[in-house]
Structures are given as structure tokens and as C-alpha cells.
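Residue numbers 1 to 183, in the UniProt record's numbering, belong to the letters of the sequence shown in order.
Beta carbons: idealized from backbone N, C-alpha and C, even for Gly.
Remember, it's a predicted structure, so these values are computed and weren't measured experimentally.
Here is the structure we will look at, set down as C-alpha cells.
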Amino acid sequence: MPRRIIKKYMPDPKKLQEQKSLRFLGKLLDDPGLLHLTRRSVATAFMVGIFCAFIPVPFQMVLAAAGAMLLHCNLPISVGLVWITNPVTMPVMFYGTYLVGAWILGVEAKPMPDELTLEWLGQLLNDAWIPLYLGSVIIGIMMAILSNIGIRLLWRWHVSKSWNRRKRRMLILPEKKQDIDEE
């Protein structure tokens, strides 16, 4: 993966430990695995972040941070991926997970109204929280597994491509050197 690009946006470990708002985490921030950029760390961070993004709870970022600490994966990536669910994408994502949960439970799903109101949302949550959470967990697990596999394959492809490019350069360089020596 393009490590240099990701590293530009990664926080400095010492600055994280000096943050007053993060002092309650204490020794947990000393884990070097929380900021590593390895294939396993990034793929697991994607898995944690995307799973947490699909769970309709407040403080998803805290949940993602706890998951990253528990699984020793990249903390900033897992927390940042929670923002997949934002005010624009949230209604569509959670309504889709609700439909999946209703389908699995065999419950008739309520149609989405023409105009989204807080009253409709409150009624939907009151009536349909079980299908919503069931669908969210199932879709969250599926998307987390797919993202983990996808990141591992993408990372492997990128490394393989880099190695092949290096091999080609190493093969071309001796030929050019011979051409220069012959002149």
C-alpha cells in the first residue's frame, strides 16, 4: 500500500500520549501496533472500522477505538472509517440494514416515506429496532470480512507490482551499463 501517503496523515505517537483528553487511556496508547502500517494492521483496522460504522449506536468512534485496542490494529484508520456513516449516508445504510433484518426475520418492512421526519424515524426505531440491529450486525460482519480480504489482496497486489517493477529496473540497468561501456 502507499505507506508514504498514509504516514503523512498519521498522528505522532508522542503527541497522542501528550494529549490531555487521551490521558485516561494511559498505557493503552503505548502499544506500538496501534499506529503500525502493516498489511495485517491496516486490514484489521478496516474490519473494525467498517463493522462499527454499520452498528447504529452513538459514539461509534469510541467503539472502533476499543476494537482497535483489543485487536492491536491501526487506531486512526479504524476510527476514521466510522465516518462512512455520516448524516448523508446514514439513512440509506441503516434503512438497507433494516430491510435485511426484516427479511431474515420474516417481518414486513415499513416503506421509506417521501419525506424523512424525526417522528417517522422515532416510530421506526420503536417498532423495528430488532430487525435494524440484526441486519446491521449481519451486514456489518459481511462488509468487515470483505474489506479485510479486499485490503489484504490490494496490499499484496501493490507489493507484487512494486517487486516486479524493481526486477525490471534491475534487469534494464545492467544492459544500459553495457551499452555505455561499449561506446
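Secondary structure of H158 (DSSP, three-state): helix. Distance from the CA atom of A64 to the CA atom of C52, rounded to whole angstroms, is 6 Å. If one requires a minimum length of 4 residues, the alpha helix (DSSP H) runs lying completely within the UniProt domain "DUF2062" (22-163) are 39-53, 60-71, 75-81, 90-105, in chain order. Apart from sequence neighbours up to five positions away, the residues of its chain that approach S41 with a beta-carbon distance below 8 Å are G33, H72, C73, N74, ordered along the chain. Only residues of its own chain outside the window of five on either side were considered, and among them F94, S136 have a CB closer than 6 Å to the CB of P56, listed in chain order. Within 10 angstroms of the beta-carbon of N164 lie fewer than 16 other beta-carbons, which makes it exposed.
The Cβ atoms of I50 and L81 sit closer than 8 Å to each other. Looking only at L171, L154, S162, V88, the smallest Cα-Cα distance to R39 is reached by L154. Across the structure, E108 and A102 are spaced so that their CA atoms are roughly 6 Å apart. Of the candidates S78, G67, P131, P131 places its Cα closest to the Cα of G96. CA-to-CA, the gap between A68 and M47 works out to about 10 Å. Here N126 is exposed. Its C-beta has fewer than 16 other C-beta atoms within 10 Å. Sixteen is the threshold: since fewer than 16 other Cβ atoms of the shown chains lie within 10 Å of the Cβ of T89, the residue is exposed. Remark: C-beta atoms of T44 and Q60 do not approach each other more closely than 8 Å.
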